[in-house]
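Okay, so here's the structure we're looking at.
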Amino acid sequence: MSADTPLLSLVINALEELKAQKITELDVRDMTSMADHMVIASGTSNRHVKALADNVIDAAKKADHPPVGSEGEDTGEWILVDLGDVIVHVMLPATREFYDLERLWRNPDHHPDRSQDQDA
1 MSADTPLLSL VINALEELKA QKITELDVRD MTSMADHMVI ASGTSNRHVK
51 ALADNVIDAA KKADHPPVGS EGEDTGEWIL VDLGDVIVHV MLPATREFYD
101 LERLWRNPDH HPDRSQDQDA
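In structure tokens:
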């Protein structure tokens, strides 16, 4: 796994510190302007997912990178932490498998072009 920015390294370290599972880092710079990197990780339970996200948020704040926002804390199935250049998704394994963000962001060409839908 390449952690080519300090913020990305901080996120990965915060996730590893609390034993996140299957941490994946995706470089999305060529696909979107909303972020440079996306990090996806799994937690073993709702509490673990919440603890992982909280640890990322705390570490980012300590490093003077407060989150732009976060969502999903209420259920703990999928928590998104937006750190600007790095977007973090922490999910339960079943949620992660269902949404399959890795496939979506690694191979966006296999998805239909939404602009074609508008022409129909």
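By the UniProt record's numbering, the letter at position 56 of the sequence shown is numbered 56, and the numbering carries on one by one without gaps.
Ideal Cβ placement from N, Cα and C applies to all residues, glycine included.
Model, not experiment: these values are computed from the prediction.
Alpha carbon of residue i to alpha carbon of residue j, nearest angstrom
{"i": "residue 30", "j": "residue 24", "result": "17 Å"}
{"i": "residue 81", "j": "residue 68", "result": "8 Å"}
{"i": "residue 52", "j": "residue 106", "result": "24 Å"}
{"i": "residue 57", "j": "residue 6", "result": "15 Å"}
{"i": "residue 83", "j": "residue 14", "result": "13 Å"}
{"i": "residue 2", "j": "residue 8", "result": "Only weak support is given to the placement of residue 2: the predicted model assigns it a pLDDT of 45, under 50, and the value that follows is read from those uncertain coordinates. Approximately 9 Å between the Cα atoms of the pair."}
{"i": "residue 143", "j": "residue 10", "result": "Missing from the structure shown is residue 143; the chain here goes from 1 to 120 and no further."}
{"i": "residue 102", "j": "residue 26", "result": "8 Å"}
{"i": "residue 17", "j": "residue 85", "result": "21 Å"}
{"i": "residue 60", "j": "residue 21", "result": "20 Å"}
{"i": "residue 63", "j": "residue 28", "result": "23 Å"}
{"i": "residue 77", "j": "residue 65", "result": "24 Å"}
{"i": "residue 89", "j": "residue 32", "result": "16 Å"}
{"i": "residue 19", "j": "residue 91", "result": "13 Å"}
Exposed unless 16 or more other CB atoms sit within 10 angstroms - verdict on residue i
{"i": "residue 34", "result": "exposed"}
{"i": "residue 46", "result": "exposed"}
{"i": "residue 55", "result": "buried"}
Residue range of the beta strand (DSSP E) that includes residue i
{"i": "residue 70", "result": "69 to 71"}
{"i": "residue 88", "result": "86 to 91"}
{"i": "residue 27", "result": "21 to 27"}
Segment limits, alpha helix (DSSP H) that includes residue i
{"i": "residue 101", "result": "101 to 106"}
{"i": "residue 77", "result": "It is not in any alpha helix (DSSP H) - residue 77 carries neither H nor E in the DSSP assignment."}
{"i": "residue 10", "result": "6 to 17"}
Inset, instruction - Take every Cβ of the stretch 66 to 75, pair it with every Cβ of the stretch 28 to 45, and state whether three or more of those distances are shorter than 8 Å. - result: The answer is no - the stretch 28 to 45 does not touch the stretch 66 to 75, with fewer than three Cβ pairs under 8 Å.
Inset, instruction - Examine the Cβ distances between the stretch 42 to 56 and the stretch 86 to 103 and report whether three or more of them are shorter than 8 Å. - result: Contact between the stretch 42 to 56 and the stretch 86 to 103 is present, because at least three Cβ pairs lie under 8 Å.
Legend entry - 4 or more residues per run - each alpha helix (DSSP H) lying fully within the stretch 32 to 64: Qualifying alpha helix (DSSP H) stretches, in chain order: 46 to 62.
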